[in-house]
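One gets my numbering by counting positions in the sequence shown from 1 and adding 26 to each. Heads up, the beta-carbon is just placed ideally off N, CA and C, and yes, glycines get one too. Inspection log for the structure reproduced underneath, given as structure tokens.
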Amino acid sequence: MQGILVSILVGLCTGVGALPFLFIKKVPQALKDGLLGFASGIMVFASSFNLIQPALKDGNLLSVIGGIIIGTMILTFIEHLIPHTHTKNYDENDDSSVLKKNILLAIAVAIHNVPEGFAIGVGYGTGNVSTGLSLALAIGVQNIPEGLVVAAPLIEGGYPRGKALLFSFLTGIGEPIAAAIGFFAARLTDKLLPFILSIAAGAMFYVVSHELIPESHCNNNEMLATYGFIIGLILMIIFRTVIGE
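Structure follows, in structure tokens:
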């Protein structure tokens, strides 16, 4: 139950990222890209040390590799169901193209929150509160810039602020549902736990490599996004050191 409640709060963090738009209308693109890089660094660390490391400890190499592949394939299948494109592939002077891009971006973030919620549920399902809390904090922090990235183009394109904020909050609605599935899946049998952890990690690696990093490199801010990535990693190293294993 605690994991599901925490996942609700984590899902709401996407809306928190949109709150600055109550006071401002435009956020510099460089800041958005830097924050996406920052979120990527957090996700890579959380997936590697909070999912893959315990999976390797309690399982075997084959189950971990298989889980990563399955997680990647699941997200690839979803990508084919609801394809979307990165910022550079749209004509900024075409209003319908921009609107389509913004809607697809929001859908993409909502889809990405599903494996993240699943990972939180799995983390708590292990019985290790520290693992669940670490994953929840990492994903919550990286959800904030995602919420900003969802709301920014909508508001800048003339969308009412209230609707854009609501849209941003709604992108996190799948997290508690996925967390419940992950929690009960992890509780089914200890033997499957390393495999389930690896599936969650594979899905999160896919999100970072296929979505967050390419999106952060679309606007000639690659270096800023890279530094954001490193800062995200460092932050998680500090956090892990402070709370322990």
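Coil, strand or helix - Y150 by DSSP: For this step, residue 150 is matched to residue 124 along the sequence shown. Looking at Y150 - three-state DSSP - the assignment turns out to be helix.
With DSSP collapsed to three states, give me the class of P141. Locating residue 141 in the sequence shown gives position 115, where the first residue counts as 1. Correct three-state label for P141: helix.
Determine the DSSP secondary structure at F49, reduced to helix, strand or coil. For the purposes of this step, residue 49 is taken as residue 23 along the sequence shown, with counting starting at 1. Of the three classes helix, strand and coil, the one that applies to F49 here is coil, per DSSP.
Is the number of C-beta pairs between the region 141-159 and the region 171-190 that are closer than 8 Å three or more? no
Could you give the distance in angstroms between the alpha-carbon of V36 and the alpha-carbon of N139? As a first step, residue 36 is located in the sequence shown; it is residue number 10 there, counting from the start. As a first step, residue 139 is located in the sequence shown; it is residue number 113 there, counting from the start. If you take the alpha carbons of V36 and N139, they lie about 10 Å apart.
Go through its chain and collect everything with a Cβ distance to L261's Cβ below 6 Å, but skip five positions before and after it. Along the sequence shown, one-based indexing puts residue 261 at 235. Closer than 6 Å at the Cβ level, and outside the excluded window around L261, lies no residue.
Of all the options G41, P80, E172 and L87, which has the alpha carbon lying nearest to the alpha carbon of G60? Here residue 60 is taken as the residue at index 34 of the sequence shown, counted from 1. Of G41, P80, E172 and L87, the residue nearest in Cα terms is E172.
When you compare the region 203-217 with the region 72-81, are there three or more beta-carbon pairs, one atom per stretch, that lie closer than 8 Å? As far as the Cβ criterion goes, the region 203-217 does not touch the region 72-81, which means the pair count is below three.
Restricting to Cα atoms, I'd like to know which of I263, S242 and F210 is closest to Q55. Within the sequence shown, the letter at position 29 stands for residue 55. Nearest C-alpha to Q55: S242.
9 Å Cβ cutoff met for Y232 and T40: Position 206 of the sequence shown, counted from the start, is the residue given in the question as residue 232. Position 14 of the sequence shown, counted from the start, is the residue given in the question as residue 40. The answer is no: Cβ separation not under 9 Å.
Alpha carbon to alpha carbon, how far is I68 from E248? By 1-based counting over the sequence shown, the position of residue 68 is 42. By 1-based counting over the sequence shown, the position of residue 248 is 222. E248 has its alpha-carbon roughly 17 Å from the corresponding atom of I68.
So, at 8 Å on beta carbons, what are the nonlocal neighbours of A136 in its own chain, with the 5 sequence-adjacent residues on each side left out? Here the question's residue 136 lines up with position 110 in the sequence shown. Excluding residues within five positions, the ones whose Cβ falls inside 8 Å are L196, T197, G198, I199 and G200.
Nonlocal neighbours in the same chain, by C-beta distance under 6 Å from L304, ignoring five residues either side: Beyond the ends of the chain as shown, which are 27 and 271, falls residue 304; an answer cannot be given.
To the nearest angstrom, how far is the alpha carbon of T157 from that of T98? Stepping through the sequence shown from its first residue, residue 157 is reached at position 131. Stepping through the sequence shown from its first residue, residue 98 is reached at position 72. Each residue's alpha carbon lies about 22 Å from the other.
What is the DSSP secondary structure of I30, counted as helix, strand or coil? Looking up residue 30 in the sequence shown gives position 4. In this structure, I30 counts as helix in the three-state DSSP scheme.
Residues near G228 in its chain [Cβ-Cβ closer than 7 Å; skip 5 each side]: One-based indexing of the sequence shown puts residue 228 at position 202. Hits under 7 Å: G93, I94, I95, I96, G97 and T98.
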